[in-house]
Amino acid sequence: MTGRQGPALGRRSLLGAGLGIGAAALTAAGSGQALAAGSPGRHHASAPARGHAFLVAAMDAHPDHGAVRLTQSYTDQAGLFSTAFTYDNALAILAHLATRTRDGLSRARTLGDALLYAQLHDPAYDDGRLRQAYNTGPYTFYDGTPQPDGFVRADGTANVGTQFGFTGTAVGDMAWAGIALSALARRTGARRYLTGAVRIGEWIERNGRTGEPLGGYKFGVDGANQKLPFTSTEHNTDLVCLFGRLARLTGDRVWRERRGRAEAFVRRMWEPSGGFFYTGTDNGETVNRSPVPEDTQTWTHLALGSRRHSRSLDWAAAELAVSDHSGRTNSTVPAGQSYEGVTFSSASLLANEDAPIASGQPRPDRNGVWFEGTAHLALALRDRGVPGDETRARRLIASTEKAQDLLGGGQTVGGEALPERCGVVSASSPLDTGFGFGYYPYRHTGATAWYLMAATRYNPLRAGS
Numbered sequence: 030m031t032g033r034q035g036p037a038l039g040r041r042s043l044l045g046a047g048l049g050i051g052a053a054a055l056t057a058a059g060s061g062q063a064l065a066a067g068s069p070g071r072h073h074a075s076a077p078a079r080g081h082a083f084l085v086a087a088m089d090a091h092p093d094h095g096a097v098r099l100t101q102s103y104t105d106q107a108g109l110f111s112t113a114f115t116y117d118n119a120l121a122i123l124a125h126l127a128t129r130t131r132d133g134l135s136r137a138r139t140l141g142d143a144l145l146y147a148q149l150h151d152p153a154y155d156d157g158r159l160r161q162a163y164n165t166g167p168y169t170f171y172d173g174t175p176q177p178d179g180f181v182r183a184d185g186t187a188n189v190g191t192q193f194g195f196t197g198t199a200v201g202d203m204a205w206a207g208i209a210l211s212a213l214a215r216r217t218g219a220r221r222y223l224t225g226a227v228r229i230g231e232w233i234e235r236n237g238r239t240g241e242p243l244g245g246y247k248f249g250v251d252g253a254n255q256k257l258p259f260t261s262t263e264h265n266t267d268l269v270c271l272f273g274r275l276a277r278l279t280g281d282r283v284w285r286e287r288r289g290r291a292e293a294f295v296r297r298m299w300e301p302s303g304g305f306f307y308t309g310t311d312n313g314e315t316v317n318r319s320p321v322p323e324d325t326q327t328w329t330h331l332a333l334g335s336r337r338h339s340r341s342l343d344w345a346a347a348e349l350a351v352s353d354h355s356g357r358t359n360s361t362v363p364a365g366q367s368y369e370g371v372t373f374s375s376a377s378l379l380a381n382e383d384a385p386i387a388s389g390q391p392r393p394d395r396n397g398v399w400f401e402g403t404a405h406l407a408l409a410l411r412d413r414g415v416p417g418d419e420t421r422a423r424r425l426i427a428s429t430e431k432a433q434d435l436l437g438g439g440q441t442v443g444g445e446a447l448p449e450r451c452g453v454v455s456a457s458s459p460l461d462t463g464f465g466f467g468y469y470p471y472r473h474t475g476a477t478a479w480y481l482m483a484a485t486r487y488n489p490l491r492a493g494s
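Its first residue numbered 30, the sequence shown is counted upward by one per residue in my numbering.
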């Protein structure tokens, strides 16, 4: 995950940046009261249909600011205004493609074209990079400064997310954008998507490749274009998929070599005695042995499909399992409700429940459910398919669907009420990741997209997808 290995502000350190949202507000945000009024019949729509309705609402939140647009990542209550993270928009593209409908394809193409626009209209660089996040609509910042532009600024450049410092470029974010664009290229046959994905791959090769002993591809660059020293298991897992897809789509064998390099790093992070993958390395020589995150267990299976390493799913399901209810310390789950799933990392289970996650933030609930991770664990179990996996996956999906029904009521996107019971929150209660940031019960594009891919059994990390 971007921001995991060190102090650089990452796409998921966003809500730990001291935005001043208190526990009382989170309790209200996490409750099922004051649900927004939906369109007629919305109440009876299926859970996946309501998830897609959230993606549609988040994409259409700023209708007066141009057809070139991205999807707002979080509801307004998260305090990030119209921030559209590159990673979340890549997931939205893939979730739209997973529907295999005409509208889904149309929306995926619109978002893909917006990523290409950002790539071609960066305010400072013309080297194929994408930034961590963009603004997709106008707002007034906390200090009273008006931000009048949509995704495309008046001068034609892409509206980079400078207000929160989301200006760096991480290999993981770039890889996911490339995965989404390559999926569009395969589905549509449009050359521009493949061209954009290849430019992303070449940027990663130039800026990420390392000759350090553990190998692989490093983290990326910060907002000042300085290379970051960390190497992430998650990022290299993403590259296994991206480079594998580029090898298939271009026929150029150089991408096979690059895929092999990323995969070799991932396999070096395997801990055979415990049956899990470590998070990566800070210096290219020494493996970071703690904390152990959830996504390096699930994404590795989705990308590699390795029976030898599929024990990582059992490790995640057992060692990171949580159950959240109102009786838990610092839980914001309403009375009478409970949720099961997994948390972010081994450190989340040891979080200091007497101290805030970050300045201005509430105290964490060690048992808060991370629904994004819960969804990709469900998808990975379905993909593996050994006896018992489908039953476990269905329980995780049912918990996520219950959260969509009951958590995050009354939240808005672009100032507009959401359709009823639409969109999955990031976490059931405030959750400390153990990497310097937290997740909170705000409806989220990324969590919703992963839920939809789990529901449809769509594996976004398989090279042939």
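Quick reminder that beta carbons are idealized off the backbone N, C-alpha and C, glycines included. Quantities reported herein were computed from a predicted structural model and do not represent experimental measurements.
Can you tell me which of the three DSSP states residue i falls into?
{"i": "residue 260", "result": "strand"}
{"i": "residue 111", "result": "coil"}
{"i": "residue 94", "result": "coil"}
{"i": "residue 176", "result": "strand"}
{"i": "residue 73", "result": "helix"}
{"i": "residue 171", "result": "coil"}
{"i": "residue 422", "result": "helix"}
{"i": "residue 495", "result": "Since the displayed the chain opens at 30 and closes at 494, residue 495 lies outside it and no answer follows."}
{"i": "residue 382", "result": "coil"}
{"i": "residue 495", "result": "Past the boundaries of the shown model lies residue 495; the chain is included only from 30 to 494, so the question cannot be answered."}
{"i": "residue 146", "result": "helix"}
{"i": "residue 492", "result": "coil"}
{"i": "residue 137", "result": "helix"}
{"i": "residue 163", "result": "strand"}
{"i": "residue 362", "result": "coil"}
{"i": "residue 349", "result": "coil"}
{"i": "residue 129", "result": "coil"}
{"i": "residue 222", "result": "helix"}
{"i": "residue 58", "result": "With a pLDDT of 49 at residue 58, under the threshold of 50, the modelled position of this residue cannot be trusted; read the value that follows with caution. DSSP places residue 58 in helix when its eight states are reduced to three."}
{"i": "residue 434", "result": "helix"}
{"i": "residue 215", "result": "helix"}
{"i": "residue 412", "result": "helix"}
{"i": "residue 79", "result": "helix"}
{"i": "residue 64", "result": "Note that residue 64 has pLDDT 37, beneath the 50 cutoff, so the model's placement of it is unreliable and the number below is only indicative. Coil at residue 64, not helix or strand."}
Below 8 Å on the Cβ atoms is my guess for residue i versus residue j; work out the distance and round it to an integer in Å.
{"i": "residue 399", "j": "residue 370", "result": "7 Å"}
{"i": "residue 275", "j": "residue 212", "result": "Not confirmed; about 12 Å, so no contact."}
{"i": "residue 1", "j": "residue 443", "result": "Summary: the structure shown does not reach residue 1, with the chain confined to residues 30 through 494, and so no result is reported for it."}
{"i": "residue 278", "j": "residue 223", "result": "6 Å"}
{"i": "residue 382", "j": "residue 476", "result": "Not quite, the Cβ-Cβ distance comes to about 23 Å (not below 8 Å), so this is no contact."}
{"i": "residue 269", "j": "residue 333", "result": "7 Å"}
{"i": "residue 115", "j": "residue 162", "result": "6 Å"}
{"i": "residue 474", "j": "residue 84", "result": "7 Å"}
{"i": "residue 104", "j": "residue 441", "result": "6 Å"}
{"i": "residue 555", "j": "residue 266", "result": "No answer is possible for residue 555: the residues shown for the chain start at 30 and end at 494."}
{"i": "residue 87", "j": "residue 100", "result": "5 Å"}
{"i": "residue 407", "j": "residue 422", "result": "4 Å"}
Does residue i have its Cβ less than 8 Å from a Cβ in chain B?
{"i": "residue 337", "result": "Here chain B cannot be found, since the structure has a single protein chain."}
Can you check DSSP and say which residues form a bridge with residue i?
{"i": "residue 375", "result": "Beta-bridge pairing links residue 375 to no other residue."}
{"i": "residue 461", "result": "467"}
{"i": "residue 190", "result": "195"}
{"i": "residue 316", "result": "310"}
{"i": "residue 322", "result": "374"}
{"i": "residue 300", "result": "305"}
{"i": "residue 446", "result": "441"}
{"i": "residue 118", "result": "Beta-bridge pairing links residue 118 to no other residue."}
{"i": "residue 367", "result": "354"}
{"i": "residue 473", "result": "103"}
{"i": "residue 181", "result": "187"}
{"i": "residue 399", "result": "456"}
Say the cut is 7 Å; is the CB of residue i nearer than that to a heavy atom of the ligand PLP?
{"i": "residue 218", "result": "Looking at this structure, you won't find the ligand PLP or any other ligand, since it has none at all."}
(message) As an exercise, report each continuous alpha helix (DSSP H) stretch of at least 4 residues that is fully enclosed by the region 232-280, in chain order.
(response) Fully contained in the region 232-280 are the following alpha helix (DSSP H) runs of length 4 or more, in chain order: 262-279.
(message) Would you call the region 335-349 in contact with the region 287-305, where contact means no fewer than 3 C-beta pairs closer than 8 Å?
(response) A contact exists between the region 335-349 and the region 287-305.
(message) Pairs of beta-carbons, one from the region 145-163 and one from the region 189-197, closer than 8 Å: are there three or more?
(response) The answer is yes - the region 189-197 touches the region 145-163, with three or more Cβ pairs under 8 Å.
(message) With a threshold of 8 Å, are at least 3 pairs of Cβ atoms found where one atom belongs to the region 375-393 and the other to the region 290-298?
(response) No: the two stretches stay apart, fewer than three of their Cβ pairs being nearer than 8 Å.
(message) Tell me whether the region 350-367 and the region 319-333 touch, counting them as touching only if at least three CB pairs, one residue from each stretch, are closer than 8 Å.
(response) With a cut-off of 8 Å, the region 319-333 and the region 350-367 do not count as touching, because too few Cβ pairs lie within range.
(message) Taking contact to mean 3 or more Cβ pairs, one atom from each stretch, closer than 8 Å, check whether the region 167-176 and the region 228-235 are in contact.
(response) Short answer: they don't touch.
(message) Closer than 8 Å is the cut-off here; do at least three beta carbon pairs connect the region 213-220 with the region 281-292?
(response) No, they do not touch.
(message) Does the structure place the region 422-430 close enough to the region 476-485 that three or more beta carbon pairs sit under 8 Å?
(response) Yes, since at least three Cβ pairs between the region 476-485 and the region 422-430 fall closer than 8 Å, the two stretches touch.
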